[in-house]
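Novice: Taking this note's numbering, the leading residue of the sequence shown gets 677, the next gets one more, and so forth. The following block contains the structure, expressed as C-alpha coordinates.
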Amino acid sequence: MLVVFDDPVTLDSHLLSPLLARAQGCYFYDKKNDYNAWFAFTLVFNSTQYKGTLNIMGADLMAADTRDLSVVGGTGDFFLTKGIATIQTDVFQGAKYFRLKMDIKLYECY
(Lines of atoms letter the chains of each structure in order from A and count residues from 1; the text may use other names and numbers.)
(Lines give C-alpha, C1' and ligand atoms only; values in the text may rest on other atoms or scores of the structure.)
Protein backbone atom coordinates (compact mmCIF):
# COMPACT_ATOMS: atom_id res chain seq x y z
CA MET A 1 0.00 0.00 0.00
CA LEU A 2 1.35 3.44 -0.99
CA VAL A 3 0.20 6.44 1.07
CA VAL A 4 0.66 10.07 0.02
CA PHE A 5 0.32 12.64 2.80
CA ASP A 6 0.33 16.37 3.55
CA ASP A 7 0.15 16.57 7.35
CA PRO A 8 0.60 19.35 9.92
CA VAL A 9 3.73 19.42 12.10
CA THR A 10 3.27 21.02 15.52
CA LEU A 11 5.42 21.40 18.64
CA ASP A 12 3.13 19.13 20.70
CA SER A 13 0.56 16.38 20.16
CA HIS A 14 -2.52 18.60 19.81
CA LEU A 15 -3.83 18.95 16.25
CA LEU A 16 -4.93 22.54 16.89
CA SER A 17 -1.48 23.65 18.13
CA PRO A 18 0.27 26.36 16.10
CA LEU A 19 1.61 25.03 12.82
CA LEU A 20 5.41 24.71 12.65
CA ALA A 21 5.63 23.05 9.22
CA ARG A 22 3.88 20.62 6.90
CA ALA A 23 5.11 17.08 6.23
CA GLN A 24 4.55 16.32 2.54
CA GLY A 25 5.55 13.02 0.98
CA CYS A 26 4.77 9.33 0.82
CA TYR A 27 5.42 6.01 2.49
CA PHE A 28 4.74 2.42 1.65
CA TYR A 29 4.53 -0.70 3.74
CA ASP A 30 7.28 -3.09 2.76
CA LYS A 31 6.47 -6.29 4.68
CA LYS A 32 3.41 -8.49 4.59
CA ASN A 33 3.43 -9.57 8.25
CA ASP A 34 4.66 -6.53 10.19
CA TYR A 35 3.96 -2.83 9.90
CA ASN A 36 7.28 -1.64 8.49
CA ALA A 37 7.43 1.28 6.11
CA TRP A 38 9.78 3.28 3.91
CA PHE A 39 9.35 7.07 4.13
CA ALA A 40 10.33 9.90 1.79
CA PHE A 41 9.01 13.30 2.79
CA THR A 42 9.77 16.99 3.01
CA LEU A 43 9.13 19.25 5.98
CA VAL A 44 8.01 22.55 4.47
CA PHE A 45 8.57 25.53 6.78
CA ASN A 46 6.86 28.84 6.00
CA SER A 47 6.76 30.82 9.21
CA THR A 48 8.30 33.95 10.65
CA GLN A 49 10.90 31.80 12.44
CA TYR A 50 11.99 29.42 9.62
CA LYS A 51 11.70 29.36 5.84
CA GLY A 52 12.79 26.44 3.69
CA THR A 53 12.59 22.67 3.63
CA LEU A 54 14.16 19.55 5.13
CA ASN A 55 14.18 16.32 3.09
CA ILE A 56 13.90 13.11 5.13
CA MET A 57 13.93 9.49 4.00
CA GLY A 58 14.58 5.97 5.21
CA ALA A 59 13.21 2.73 6.59
CA ASP A 60 10.82 2.87 9.54
CA LEU A 61 10.97 -0.39 11.51
CA MET A 62 7.78 0.38 13.41
CA ALA A 63 8.15 -2.30 16.12
CA ALA A 64 11.26 -0.55 17.50
CA ASP A 65 10.80 2.04 20.25
CA THR A 66 12.74 4.69 18.33
CA ARG A 67 13.87 4.77 14.72
CA ASP A 68 16.30 6.99 12.84
CA LEU A 69 15.61 8.44 9.40
CA SER A 70 18.21 10.36 7.40
CA VAL A 71 17.95 14.10 6.81
CA VAL A 72 19.39 14.17 3.29
CA GLY A 73 19.24 17.87 2.47
CA GLY A 74 17.35 21.10 2.70
CA THR A 75 16.68 24.52 1.22
CA GLY A 76 16.37 28.08 2.51
CA ASP A 77 17.36 28.31 6.18
CA PHE A 78 18.36 24.63 5.96
CA PHE A 79 20.60 24.89 2.87
CA LEU A 80 23.18 22.05 2.71
CA THR A 81 21.92 20.51 5.96
CA LYS A 82 22.33 16.85 6.89
CA GLY A 83 21.28 15.04 10.03
CA ILE A 84 19.15 12.46 11.76
CA ALA A 85 15.42 12.51 12.51
CA THR A 86 14.67 10.20 15.44
CA ILE A 87 11.02 9.20 15.42
CA GLN A 88 8.85 7.47 18.01
CA THR A 89 5.28 6.26 17.60
CA ASP A 90 2.94 8.28 19.83
CA VAL A 91 -0.39 6.80 18.68
CA PHE A 92 -0.88 3.75 16.43
CA GLN A 93 -4.19 2.51 15.02
CA GLY A 94 -3.01 0.19 12.27
CA ALA A 95 -2.51 1.28 8.67
CA LYS A 96 -5.22 3.95 8.86
CA TYR A 97 -3.84 6.34 11.52
CA PHE A 98 -0.68 6.94 13.49
CA ARG A 99 1.02 9.95 15.06
CA LEU A 100 4.78 10.33 15.42
CA LYS A 101 7.05 12.30 17.72
CA MET A 102 10.15 13.54 15.94
CA ASP A 103 13.47 14.87 17.28
CA ILE A 104 15.74 16.29 14.57
CA LYS A 105 19.48 16.80 14.94
CA LEU A 106 21.01 18.85 12.12
CA TYR A 107 24.59 19.24 10.93
CA GLU A 108 25.48 21.99 8.48
CA CYS A 109 27.77 20.83 5.68
CA TYR A 110 29.66 23.65 3.96
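Even for Gly, the Cβ is constructed at its ideal location relative to N, Cα and C. Being a predicted model, the structure only gives us computed values, none of them experimental.
Among Gln700, Thr729, Ala713 and Glu784, which has the Cα closest to the Cα of Ala770?
Specialist: Inspection of the sequence shows that residue 770 is occupied by Gly rather than by Ala. Of the listed residues, the one whose Cα sits closest to Gly770 is Ala713.
Novice: For the beta strand (DSSP E) holding Ser746, just list the boundary residues, first then last.
Specialist: That run of the beta strand (DSSP E) goes Arg743 to Gly752.
Novice: In its own chain, which residues sit with a C-beta less than 7 Å from the C-beta of Glu784, not counting the 5 before and 5 after it?
Specialist: Leu756 and Thr757, listed in sequence order.
Novice: Given a cut-off of 8 Å on the beta-carbon distance, is the pair Met774 and Thr762 in contact?
Specialist: Here residue 774 turns out to be Phe, not Met, going by the sequence shown. No, the Cβ-Cβ distance between Phe774 and Thr762 is not below 8 Å.
Novice: Grab me the residues of Val748's own chain with a C-beta within less than 8 Å of its C-beta, minus the 5 sequence neighbours each way, in chain order.
Specialist: Here the set comprises Asn731, Ile732, Met733 and Lys758.
Novice: Would DSSP call Gln700 helix, strand or coil?
Specialist: Gln700: strand per DSSP, three-state reduction.
Novice: Rounded to a whole number of angstroms, what is the C-alpha to C-alpha distance between Pro694 and Leu719?
Specialist: C-alpha separation (whole angstroms): 15 Å.
Novice: Bridge partners of Tyr705, per DSSP?
Specialist: DSSP, once it has assigned bridges, lists Ala713 as partnering Tyr705.
Novice: For Gly734, write down the residues that DSSP places opposite it in a beta bridge.
Specialist: Looking at the DSSP assignment, Gly734 forms a beta bridge with Phe715.
Novice: Which value, in whole angstroms, describes the spacing of the CA atoms of Lys772 and Asp779?
Specialist: When rounded, the distance between both Cα atoms is 23 Å.
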